[in-house]
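*Asks:* Okay, handing you the structure first.
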Amino acid sequence: EDLCQVTQLYSLHHFYHSPPQELLQMITGHMNGYVQEAKPGVRERAVDCPGEEEGADHQSAPNLVKSPQCPAHTERVKHYQEELRRRREEEAASRGGKHEIDPNASLRLKKLSQNQKVGIDNPTFENKEKISRESFIESLRWAERCLSDPQSLQDTEQLLQFLSSEEFHSAYSIYSVVSQQLSHVSPTSPITTQAQDLCLEVKDQHTQALMQAHDHVAEQELPEGQVLTQYLGESVKLVRLEKTRDTPLGATVRNDVDSVVVSRVVKGGVAERSGLLSEGDEILEINGIPIRGKHVNEVHDMLQQMQGTLTFLLIPSSQIKAAPHRHTVMHVKAYFDYDPSDDPFVPCRELGLSFQKGDILHVISQDDPNWWQAYRDGDEDNQPLAGLVPGTKEAKMALIQHAHCDSTGKHWYGKKSKKQKKKSLTSTNKNDGDEILTYEEMSLYHQPANRKRPIALIGPTNSGHDELRRRLLSIEPEKYAVAVPHTTRNPRIHERNGREYHFVNRTAFEADLAMGKFVESGEYEKNLYGTSTDSVRHVVNSGKICLLCLHSRSLKVLRTSNLKPYVIYIAPPSQERLRTLLAAEGKTPKPEELKEVLDKAREMEQSFGHLFDASLVNMDQEQSFHELRRLIDRLDTEPQWVPTSWLC
Ligand code: 5GP
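This is the structure we're talking about:
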């Protein structure tokens, strides 16, 4: 509103005195020269207007101040006054006598307001240093004294009143302040063409710095349930864990002088899953109870009693955690029995995992190469905690040590006679002599529909495996077949080469035997007989299931033949039951013969049990037959564990 008043003032000024210099000329013209003498400085300052000529010498003879004696000038003033009066009357008449101020009345004002560069605030009033309200009022007063006609006097008086009013004074002050402030305001348009790029760069750098700050803070953040603090000058961590009956803690501790240190964190326990306890952390307190100085057994007993939230005060391990040895699970078949309760070397007996030869173990951690963490196949769901099993090196060392030492008879690797121990635990490998078998890495294998795995039935003579094979062949001849054997005997009249036998001479047979081409062989009545791997492969390629009845010593050759055999052990029943079964077949074995079958069976189990994929006790022919078919059919529906080396 105030600024509007200023505008009105400006318009008023033009309304009365357009163009302004003419008004000033008129005013000064009536001053008769004495003004120049009396108020030279004030006047010059007040009349600093755009019409002034460049280079004019203000000090000696200002252009605007004309001699009052000039007749032409007097004429002009008279003419101007006439013209002004006429215009005012006309306009007053057109507005019905009402006096209103129209900002557009002045062409010059209009032009100024349209000119962006100059603007309405630019010319006469802009420079308050050069023109002030007081000096303008003073000039008007002088002019008033020079005017004679009543109308002009009245106008001048009106103008003076307006300029002297408080409203105008306020408006003018605001205007001055605002224009002064505006001159200091930063430009609204960019001062450089790269402003946007710079702006983006600054923004990027700012964002980057923000992210770095975030990362820095995040690095210092600790997992939930863990707090770092100071305790007796040491940096310690406070760890909170929930222990329940179903979810064991799963950590071991050891004494290190008088301190109690976390020795091992077992997979599947609360400690491992929370990630809050680490190997090497020293336990200072548990639920406020001091631990330093306590024996690990005490700590164990104490922890066993505790349930719910456990608060550990720990000195974090200073060791840099080594990268885990192996992240993936390794599946192995154990080639020895293990009972941790009889093992003096197991670091934590309660965590030891017992297993038997032939068991599949899922090794989930080899971080400690001496003591792996594993689950027995099938136990994963029932057993929350992994168990400790000896690593390859540990197992080998212990096997060697125990194989050579005279013992009390109680050893973790089995409770066998000395003779049996040596035989069962040390296996000779054709390449490296005394190779101790500990574990073999296994993988799952699902047989393809067109390449069925050969079925090797193993068992001592008279265990009934031959009869089982015959039955399978007679019931489903389109599904099962036998490999055509080789022989050095002459063919009989009805026999054809390649159907009953491959008839070969002794030299050729022995050459093939030397080259390892036979899965098994034997001599009968001065003739050689044997089953070649090629014959077995021929059946496999035909899509049928090759049924083999083998002696256990043949298994090693068969396993290295890439035929991927499935080995089923047919165990004889009790001596009495065996006698009954053989009697049904018309056989009448002596008691020593029956005993020999059973002894042979036991030896087979001990020596080759780890190579059996399945076993059944032949209590009843019918039942055994069905069980055998079930095992064979299962190969079509379920993948089986085979040595990983078979699949390479
Ligand atoms: P034959 O000459 O009467 O056909 O068989 C004589 C003996 O040789 C039989 O006891 C039979 O079991 C055995 N025999 C037949 N084929 C093989 C074979 O491939 N390997 C072995 N080791 N013996 C065989």
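Position one of the sequence shown corresponds to residue 1 (UniProt numbering), numbered consecutively onward.
Cβ atoms here follow ideal geometry from the backbone N, Cα and C, with glycine treated the same way.
(1) Taking the alpha-carbon positions, what's the residue 510 to residue 550 distance?
(2) Can you tell me whether residue 647 is buried or exposed? The criterion is at least 16 other CB atoms within 10 Å of its CB, across all chains shown.
(3) Between which two residues does the beta strand (DSSP E) containing residue 330 stretch?
(4) So which residues touch the region around the ligand 5GP, with touch meaning a C-beta under 5 angstroms from any heavy atom?
(5) What does the alpha-carbon distance come out to for the pair residue 206 and residue 180?
(6) Exposed or buried, which one is residue 542 when buried takes at least 16 other CB atoms within 10 Å?
(7) With distances taken Cα to Cα, identify the nearest neighbour of residue 623 among 506, 468, 281 and 484.
(8) So residue 616 and residue 635 are in contact, right, with Cβ under 8 angstroms, and what is the actual spacing, rounded?
(9) Run through the segment 451–475 for me and flag every whole alpha helix (DSSP H) of 4 or more residues, listed as ranges in chain order.
(10) Taking Cβ to Cβ, would you say residue 458 is nearer than 8 angstroms to residue 375?
(11) What did DSSP end up calling residue 252 once you bin it into helix, strand or coil?
(12) As a quick exercise: from 604, 306 and 349, pick the residue whose alpha carbon is nearest that of residue 734.
(13) Beta-carbon within less than 7 angstroms of residue 525's beta-carbon, same chain only, minus the 5 sequence neighbours each way: which residues are those?
(14) Figure out for me which residue from 471, 474 and 270 has the closest Cα to the Cα of residue 243.
(15) Between residue 296 and residue 277, is the Cβ-Cβ spacing less than 8 angstroms?
(16) Going by the DSSP bridge assignment, what does residue 288 pair with across the sheet?
(17) Use the C-beta contact count for residue 54: other C-beta atoms within 10 angstroms, 16 or more gives buried, fewer gives exposed.
(18) Checking 8 angstroms against the spacing of the C-beta atoms, do residue 333 and residue 439 come in under that value?
(19) So, helix, strand or coil for residue 648, using DSSP?
(20) Could you spell out where the alpha helix (DSSP H) holding residue 622 opens and where it closes?
(21) Return the first residue and the last residue of the alpha helix (DSSP H) that residue 540 is part of.
(22) Might you give, ordered along the chain, the residues of its own chain that have their beta carbon closer than 6 angstroms to the beta carbon of residue 613, omitting 5 neighbours on each side?
(23) According to the Cβ coordinates, are residue 282 and residue 259 closer than 8 angstroms?
(24) Does DSSP put residue 101 in a helix, a strand or coil?
(25) For residue 442, which three-state DSSP category applies?
(26) Taking buried to mean at least 16 other C-beta atoms within 10 Å of its own C-beta, is residue 498 buried or exposed?
(27) Would DSSP call residue 549 helix, strand or coil?
(28) Measuring CA to CA, which of 480, 137, 256 and 451 is closest to residue 163?
(29) Kindly indicate which residue of 462, 196 and 633 has the alpha-carbon position closest to the one of residue 454.
(30) Here's the rule I'm using: 16 or more other beta-carbon atoms within 10 Å means buried, otherwise exposed. How should residue 450 be labelled?
(31) Mapping the DSSP letters down to three states, classify residue 478 as helix, strand or coil.
(32) Is there contact between the segment 500–510 and the segment 481–492, where contact requires at least three CB pairs shorter than 8 angstroms?
(33) Under 8 angstroms by Cβ, that's how I've got residue 445 and residue 642 pegged, so tell me the actual separation to the nearest angstrom.
(34) Tell me whether residue 640 sits in a helix, a strand or coil according to DSSP, three-state version.
(35) By the 10 Å Cβ neighbour count, where 16 or more other Cβ atoms means buried, how is residue 194 classified, buried or exposed?
*Replies:* If we stick to the structure as given:
(1) Their Cα atoms are separated by approximately 20 angstroms.
(2) By the Cβ-count criterion, residue 647 is exposed, with fewer than 16 other Cβ atoms from all chains shown falling within 10 Å of its own Cβ.
(3) Looking at the DSSP string, the run of the beta strand (DSSP E) that includes residue 330 is 330–334.
(4) After applying the 5 angstroms Cβ criterion, the set is 485, 522, 524, 529 and 531.
(5) Each residue's alpha carbon lies about 35 angstroms from the other.
(6) Classification for residue 542: exposed.
(7) Ranking 506, 468, 281 and 484 by Cα distance to residue 623 puts 468 first.
(8) The distance from the Cβ of residue 616 to that of residue 635 is about 15 angstroms, inconsistent with a contact at the 8 angstroms cut-off.
(9) Contiguous alpha helix (DSSP H) elements confined to the segment 451–475 occur at 465–475, taking only those with 4 or more residues.
(10) If you check the CB distance, residue 458 and residue 375 do not come in under 8 angstroms.
(11) Looking at residue 252 - three-state DSSP - the assignment turns out to be strand.
(12) Residue 734 falls outside the range modelled here, since the chain spans only 1 to 648, and no answer is possible.
(13) Non-local beta-carbon contacts of residue 525 in its own chain, meaning distances under 7 angstroms to residues more than five positions away in sequence, are absent.
(14) If we check each option's Cα against that of residue 243, 270 comes out closest.
(15) No. Outside cutoff.
(16) As DSSP reads the structure, residue 288 sits in no beta bridge.
(17) Note on residue 54: pLDDT 38, under 50, position unreliable in the model; no value is reported.
(18) Taking 8 angstroms as the Cβ cut-off, residue 333 and residue 439 qualify as a contacting pair.
(19) Three-state DSSP puts residue 648 in coil, outside helix and strand.
(20) Counting along the chain, the alpha helix (DSSP H) containing residue 622 begins and ends at 621–637.
(21) First-last of the alpha helix (DSSP H) with residue 540: 533–542.
(22) So the qualifying residues of the chain are 566 and 567.
(23) Yes, the Cβ-Cβ distance between residue 282 and residue 259 is below 8 angstroms.
(24) For residue 101, the predicted model reports a pLDDT of 41, less than 50, meaning its position is unreliable; a value from the coordinates is still stated below. Reduced to three states, the DSSP call for residue 101 is coil.
(25) Here residue 442 sits in strand by DSSP.
(26) The Cβ neighbour count for residue 498, taken over all protein chains shown within 10 Å, is under 16; the residue is labelled exposed.
(27) It is a strand residue.
(28) The alpha carbon of residue 163 has as its nearest neighbour, out of 480, 137, 256 and 451, the alpha carbon of 137.
(29) Selection 462, 196 and 633 evaluated against residue 454 yields 633 as nearest (Cα-Cα).
(30) The residue is exposed, with fewer than 16 neighbouring Cβ atoms inside 10 Å.
(31) Coil.
(32) Yes, the segment 500–510 is in contact with the segment 481–492.
(33) The Cβ separation is near 4 angstroms, so the contact holds.
(34) Note: residue 640 maps to strand in three-state DSSP.
(35) Answer is exposed; the Cβ neighbour count stays below 16.
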